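Participant: Numbering of the sequence shown is given in the UniProt record's numbering, commencing with residue 1 and proceeding in unit increments.
Yeah, the Cβ is synthetic: ideal placement off N, Cα and C, and Gly gets one too.
None of the values given here were measured: they were computed from a predicted structure.
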Amino acid sequence: MGYRMLVSSYNQIGGGGINNQKMAIMGALMNAREKGIPFSVPLISEMDQVNGNYEKYGFDVLFHRQGIEEFCRRHAIGMVEYDEGNEFDESYEAFFWKTFHILESDPFSGPDGMRDIFVDLINIFMPKISGSDLFARLSEAIGNRVGEVASCQFRIERDWIVHCRNELSKTASDCDELYVGYDAILYKIRNTFPDLRNLFICVDEPAMPVVKDVIKKRSAEYGIHSMFKSDFIGPSEYDALRPNERSLLDMELCINHSRFIGNTKSTFSNMVSVQRFCRNGTDDRDHIYNHRSMFLRRRLDRGVSISATNSVAFMDNEVLFRNGLILIDRDTNASLFDIRPGTRLVAQDITDGGDVLCLRNISFNGRDFHDGVFACAKEDVVRL
Numbered sequence: 001m002g003y004r005m006l007v008s009s010y011n012q013i014g015g016g017g018i019n020n021q022k023m024a025i026m027g028a029l030m031n032a033r034e035k036g037i038p039f040s041v042p043l044i045s046e047m048d049q050v051n052g053n054y055e056k057y058g059f060d061v062l063f064h065r066q067g068i069e070e071f072c073r074r075h076a077i078g079m080v081e082y083d084e085g086n087e088f089d090e091s092y093e094a095f096f097w098k099t100f101h102i103l104e105s106d107p108f109s110g111p112d113g114m115r116d117i118f119v120d121l122i123n124i125f126m127p128k129i130s131g132s133d134l135f136a137r138l139s140e141a142i143g144n145r146v147g148e149v150a151s152c153q154f155r156i157e158r159d160w161i162v163h164c165r166n167e168l169s170k171t172a173s174d175c176d177e178l179y180v181g182y183d184a185i186l187y188k189i190r191n192t193f194p195d196l197r198n199l200f201i202c203v204d205e206p207a208m209p210v211v212k213d214v215i216k217k218r219s220a221e222y223g224i225h226s227m228f229k230s231d232f233i234g235p236s237e238y239d240a241l242r243p244n245e246r247s248l249l250d251m252e253l254c255i256n257h258s259r260f261i262g263n264t265k266s267t268f269s270n271m272v273s274v275q276r277f278c279r280n281g282t283d284d285r286d287h288i289y290n291h292r293s294m295f296l297r298r299r300l301d302r303g304v305s306i307s308a309t310n311s312v313a314f315m316d317n318e319v320l321f322r323n324g325l326i327l328i329d330r331d332t333n334a335s336l337f338d339i340r341p342g343t344r345l346v347a348q349d350i351t352d353g354g355d356v357l358c359l360r361n362i363s364f365n366g367r368d369f370h371d372g373v374f375a376c377a378k379e380d381v382v383r384l
């Protein structure tokens, strides 16, 4: 049997989104740096969910190698050509989780050395699509609007419905809203940014549960002009793009917009926020919609947390009702509102009354307030 070189790389079997693969590549690079073994750039895999096609191809199809090569030179990591005959030190899954745990530990708040290495690592990916005429044309078409253009990942595809039900539901916190449909996303955007008029929506359009015209119509009812890639790309040009290229195109557009709205459970959204911070050095214009608030909540974690609870600040004036109950007027003890489970409301202030919370001047939509002081049992609500 011939000599098998030990390298930090992997042979992925099966699908996996391009952002999950980027995390695995980052983990393999960190592993090579820590153990002093060579690194091989793995193949990219691609699963077309709509057509059921699976393919593997070289990293160079999607990315310039310059970023990885320069990182390896700076950190004294040897590089060898990819060869499935070599011995791979860890699996794809192990490298993905390595990066996941680095993010979870918040490298941006740790020692400067770790922060600098991680920022360097994030910036290794240089998508070829970002230098294309198509990207320049899309950027111009989407950005040429009166007023601000925000971008938002609508994670509403059919596979996400199943994933939320079968997997995410097992670990959801009280503040995590799992599947957030297009109407709920638009409602939260309108509540939070009443003056926003332009929204670029990134989504796997063929896998959406509704056609885009339904979303456009509903957006218009909220006073928002929504835009999709396919508004500016003909069917033949769109179909010619690989699924991974579409995702990278969306990501680059979202990174470059002034405001981004995403979902902490989505690797795409988290990587957009991480890369926005690494490129721009700011984190004050990213928001999430998968918090159970009736508003978007501003991200404070720079994209590193998958928990809606841990990624935002506690507002202290919004509650979610777990159980059906009657909201009582504190002054007269009169029953005023029969509250359904899942109802959210905001109050101008909330005080602790022992076993009850006292809510002063409440609103069920964030705008129309009912004056007075109202009481509810603490055990029946979640403070958001």
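Just the Cα atoms here: how many angstroms apart are residue 385 and LYS35?
Facilitator: One cannot answer for residue 385 here, as it falls past the ends of the chain, which runs 1 to 384.
Participant: Keeping to the same chain, check which residues put their C-beta closer than 8 Å to that of VAL381; ignore five residues upstream and five downstream.
Facilitator: Sequence index remark: in the sequence shown, residue 381 carries index 381 (1-based). For VAL381, where only same-chain residues beyond five positions count, the Cβ hits under 8 Å are VAL319, LEU320, PHE321, ARG322 and LEU357.
Participant: Residues in its own chain within less than 7 Å of GLY27 by CB, not counting five upstream and five downstream?
Facilitator: Working through the sequence shown from its first residue, we reach residue 27 at position 27. Same-chain partners within the cutoff: PHE95, PHE96, LYS98 and THR99.
Participant: From the DSSP output, in three-state form, read off PHE374 for me.
Facilitator: Translated into the one-based positions of the sequence shown, residue 374 becomes position 374. Reduced to three states, the DSSP call for PHE374 is strand.
Participant: So, residue 413 versus ALA150, is the Cβ gap smaller than 7 Å?
Facilitator: Residue coverage of the chain in this structure runs from 1 to 384, which leaves residue 413 outside it and unanswerable.
Participant: With distances taken between CB atoms, is the gap from VAL272 to ILE255 smaller than 7 Å?
Facilitator: Stepping through the sequence shown from its first residue, residue 272 is reached at position 272. Stepping through the sequence shown from its first residue, residue 255 is reached at position 255. Yes; because the gap between Cβ atoms is below 7 Å, this pair is in contact.
Participant: Which residue's Cα is closest to the Cα of THR192: ILE288, GLY143, ILE77 and GLY110?
Facilitator: Taking the sequence shown and counting its residues from 1, the one referred to as residue 192 is at position 192. Nearest option by C-alpha distance: ILE288.
Participant: Taking just the CA atoms, how far does TYR57 sit from MET1?
Facilitator: As a working mapping, residue 1 is identified with position 1 in the sequence shown. As a working mapping, residue 57 is identified with position 57 in the sequence shown. Residue placement at MET1 cannot be trusted, given a pLDDT of 48 that sits under 50; the coordinates are not used to answer.
Participant: Using only the heavy atoms of the ligand FAD, determine whether one of them is closer than 6 Å to the beta carbon of ILE306.
Facilitator: Inclusion of the ligand FAD in the displayed structure is not the case, the ligand content being empty and no account of it being possible.
Participant: Please return the same chain residues whose Cβ sits closer than 6 Å to the Cβ of LEU138, not counting the five positions on each side in sequence.
Facilitator: Position 138 of the sequence shown, counted from the first residue, corresponds to residue 138. Taken in chain order, the residues that qualify are PHE232.
Participant: State yes or no: is the C-beta of GLU177 within less than 7 Å of the C-beta of ARG292?
Facilitator: Looking up residue 177 in the sequence shown gives position 177. Looking up residue 292 in the sequence shown gives position 292. Against a cut-off of 7 Å, the Cβ pair of ARG292 and GLU177 comes out as a contact.
Participant: Just verifying my parser: in three-state terms, what is the DSSP assignment at GLY27?
Facilitator: Locating residue 27 in the sequence shown gives position 27, where the first residue counts as 1. Here GLY27 sits in helix by DSSP.
Participant: Can you confirm whether the segment 114–133 touches the segment 325–344 when touching is taken to mean that 3 or more C-beta pairs between the two stretches lie within less than 8 Å?
Facilitator: Contact between the segment 325–344 and the segment 114–133 is absent, because fewer than three Cβ pairs lie under 8 Å.
Participant: In whole angstroms, what separates the C-alpha of GLY110 from that of ASN310?
Facilitator: The sequence position of residue 110 within the sequence shown is 110, counting from 1. The sequence position of residue 310 within the sequence shown is 310, counting from 1. When rounded, the distance between both Cα atoms is 17 Å.
Participant: Which of the three DSSP states, helix, strand or coil, is assigned to CYS164?
Facilitator: Position 164 of the sequence shown, counted from the start, is the residue given in the question as residue 164. Reduced to three states, the DSSP call for CYS164 is helix.
Participant: Which of the three DSSP states is assigned to ARG96 in this structure?
Facilitator: As a first step, residue 96 must be located in the sequence shown, where it is residue number 96. Contrary to the premise, residue 96 reads as Phe rather than Arg in this sequence. Helix.
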